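Laid out in structure tokens, this is it:
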């Protein structure tokens, strides 16, 4: 009876913790720090819950090349445990609490006292920084949550370029698409040669339609095309490179 009672208490004190080492993701229930019971009071009301992750945030983060990236890890009931960030590609310890443990000073952990957020900051990210990063808590055994960072460079393209031919008197329809942008460009400028196109010019018949989304599309429409409308047309998003057509 003593042996069986010992086994029962072990499973009451240490909840099930399963690990998926290939993905770096630890699935956990909770850490019980007290098993003292009071007559007539359920065990869950007298035990204290250990650290656990707020899993409502997205596990996929997209950042622009050269623009600071942030991976946020929110941990509840952290207590006196430490929070670490690890890069999976080379199993490299990047930060522990507020200290950086890598010679690459682009990496740092942002945290304010009494705050539950531990944010990995990566300055001047490059495409090579894409991959899995894990936020770990120093429980026994450790628990962690993985996030995937995609560092992308927006692509701007004018469909049908680089050379296009339009008949005189027809409607010119130039289509510009912007892909791989974390957010739609706040503004898109169209230029004719080196001058920004004025949609309210006396010429008339010039308009732009823009549809924003995961892929942003901007249509430049010029009715009754004339010889003077020939030349270089450029699509210039405010957060991506310029693309041109002739």
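Numbering (mature numbering (1 follows the signal peptide of the UniProt record, and there is no 0)), first residue to last: -19 to -1, 1 to 227. Think of the CB as a built atom: it goes at the ideal place given N, C-alpha and C, for glycine as much as any other residue. Since the model is a prediction, treat every value here as computed from it, not as a measurement.
With a contact defined as Cβ atoms closer than 8 Å, residue 129 and residue 140 miss out at about 31 Å.
Per DSSP, residue 114 is one residue of the beta strand (DSSP E) stretching across 112 to 118.
For residue 103, the enclosing beta strand (DSSP E) stretches over residues 98 to 103. In this structure, the CA atom of residue 36 is about 48 Å from the CA atom of residue 187. Residues of the same chain with a CB within less than 6 Å of the CB of residue 225, apart from the 5 flanking positions on each side, are 213 and 215 in chain order. The C-alpha of residue 223 lies about 15 Å from the C-alpha of residue 201. By the criterion of at least three beta-carbon pairs nearer than 8 Å, the stretch 44 to 53 is not in contact with the stretch 69 to 78.
By the criterion of a C-beta distance shorter than 8 Å, residue 32 is surrounded in its chain by 12, 56, 57, 58, 59, 60, 62, 118, 120 and 124, once the five residues flanking it on both sides are discounted. In this structure, residue 89 lies away from residue 107, with their beta-carbon atoms at least 8 Å apart. Exposed is the label assigned to residue 196, since fewer than 16 other Cβ atoms lie within 10 Å of its Cβ. According to DSSP, residue 208 shares a beta bridge with no other residue. Relative to residue 41, the option among 191, 142, 158 and 163 whose CA is nearest is 163.
The Cβ neighbour count for residue 192, taken over all protein chains shown within 10 Å, is under 16; the residue is labelled exposed. In this chain, the beta strand (DSSP E) harbouring residue 44 covers 41 to 45. For the pair residue 133 and residue 43, the CB atoms are nearer than the 8 Å cut-off.
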